[in-house]
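Take 1 as the starting number for the sequence shown in UniProt numbering and just add one per residue.
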Amino acid sequence: METIKGIAFFVGIIAFGVWLFRRNWLEAEIRRNDMHEAPSEQQLRWHIRHLREDIHALVVVNYTLLVVVAAVAIFKL
Numbered sequence: 001m002e003t004i005k006g007i008a009f010f011v012g013i014i015a016f017g018v019w020l021f022r023r024n025w026l027e028a029e030i031r032r033n034d035m036h037e038a039p040s041e042q043q044l045r046w047h048i049r050h051l052r053e054d055i056h057a058l059v060v061v062n063y064t065l066l067v068v069v070a071a072v073a074i075f076k077l
């Protein structure tokens with residue numbers, strides 16, 4: 001039991017450090033983005049198109065994983 005507590009303690013410290021580093025990085029990124037001008041309409045359309053492609057890929061992967069998990073649960077493969 002002590003081993004699990006020790007591992008959980010170190011994982012918690014690492015997670016806190018990652019969260020803190022990520023927060024500082026995001027704040028600096030927001031400050032940098034505020035200094036730039038807004039993107040053009042063409043850039044926005046390009047980003048939206050690629051976001052849709054990414055979402056489609058995520059949906060396909062998640063559906064495939066759902067089917068595999070359901071098959072394993074139902075048929076005990």
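Glycine included, C-beta positions come from ideal geometry on N, C-alpha and C.
Local conformation of residue i per DSSP, three classes
i, result
"Glu41", "helix"
"Lys76", "coil"
"Met35", "helix"
Residue of the options minimising C-alpha distance to residue i
i, options, result
"Gln42", "His50, Gly12 and Met35", "His50"
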